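Structure record follows, encoded as structure tokens.
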Amino acid sequence: MDNLSNFINYLQATKNLSEKTLKAYKSDLKQFFAYENNVLQPDICTYISYLNGHIKLKDTSIRRKIITLKNFYNYLIDNQIIGYSPFRKLKFRFKQEKKLPKTLSVNEISRILKCFDIDPATLSPFSQKAYLRDSALIDLLISTGIRIGEAAAITLDDIIKADHTLLIHGKGLKQRLIYVSSPITWERLKTLIRERKNNGNNYLFVNRYGQPLSIYGIEDIYKKYVKKAQITTKSTPHYLRHTFATNLLANGADLRSVQEILGHASVATTQIYTEVTTKRKKQVLEKYNYRNKLL
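Counting the sequence shown from 1 gives a position; this note's numbering is that position plus 1.
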């Protein structure tokens, strides 16, 4: 287990991985350690067969576990703990279904936003603080499509008031500027900023103890308002990002601009959203499909 702890510490120190990704690495390796008696000389093929045949994991899950194990054994080689990788000469092929991003409807987004159509003055002081934070947080996710990890990392120093702009710290230490185009969203942010000034740490979104919200805290807040809005679709905050991107493209935004706004390293990642935008396809088919004119 020392090798596992050292490897996780190495990832934390050098790879700038999210808390969620590190947790997935740790979970994958603990499962492997529980199965494999000789970790330094493992039978990888037998383990993959076990995942596939006995546990019946999906190909996507098995692929992730293979990536985790490859990185782990590369770490052991680099630190001269083993002489060669057990993945040497091994190749795995998987059929991977291309899944479309899951979104919420515009009506469902409206219902979530309506949860904040209340007068904060009618709330208790504690509930007022939660309302100011939650309304700004959820509206910001809807209005900008940023990741929840990026929202959790926003500090007061990242807010450029004169330009209604936020400095977002994205994956791989990449920064980008996001313009908050909705006046309502910006007003909610301004109100929260006033409340946060000279109030503990410098983070914009904090929990009841004044500590920065974690991604799990944001997920809990999202679930609260999805339930309050009576939305039956099982969704996560990432649906808001998918919905944001899909609607930008459906309303005519170009792919390259959407890529930059979302902070995708490759336009190929953004391109999958074009498959969801049926609005333009519908317009083309209604106007140009020859079948429409036949009796």
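Beta carbons: idealized from backbone N, C-alpha and C, even for Gly.
Only a predicted model underlies this, so the values are computations on that prediction, with no experimental measurement involved.
Per the coordinates, the alpha-carbon of A266 lies some 9 Å from the alpha-carbon of G173. For H170, the uninterrupted beta strand (DSSP E) segment begins and ends at T166 to H170. If you draw a 10 Å sphere on the C-beta of T244, you find 16 or more other C-beta atoms in it, and that means buried. Between L250 and Y274, the C-beta spacing is below 9 Å. Taking all protein chains in view, the Cβ of A35 is surrounded by fewer than 16 other Cβ atoms within 10 Å, so the residue is classified as exposed. Where Y48 is concerned, there is no enclosing beta strand (DSSP E), although the alpha helix (DSSP H) around it starts and stops at I45 to S50. Residue environment analysis places V285 among the exposed positions, since fewer than 16 neighbouring C-beta atoms fall within 10 angstroms of its C-beta. For the options S86, Y240 and R257, the alpha carbon positioned closest to that of I147 is the one of Y240. Per DSSP, Q176 lies in no alpha helix (DSSP H); the unbroken beta strand (DSSP E) holding it starts and ends at Q176 to Y180. Between the alpha carbons of D3 and N10 lies a gap of roughly 11 Å.
By the 16-neighbour rule on beta-carbons within 10 angstroms, V207 is buried. Within a 10 Å sphere around the beta-carbon of A153 sit 16 or more other beta-carbons, which makes this residue buried. Of all C-beta pairs linking the segment 187–206 to the segment 124–137, three or more are shorter than 8 Å, placing the two stretches in contact.
A137 counts as buried, since no fewer than 16 other beta carbons sit within 10 angstroms of its beta carbon.
For T156, the secondary structure class from DSSP, reduced to helix, strand or coil, is strand.
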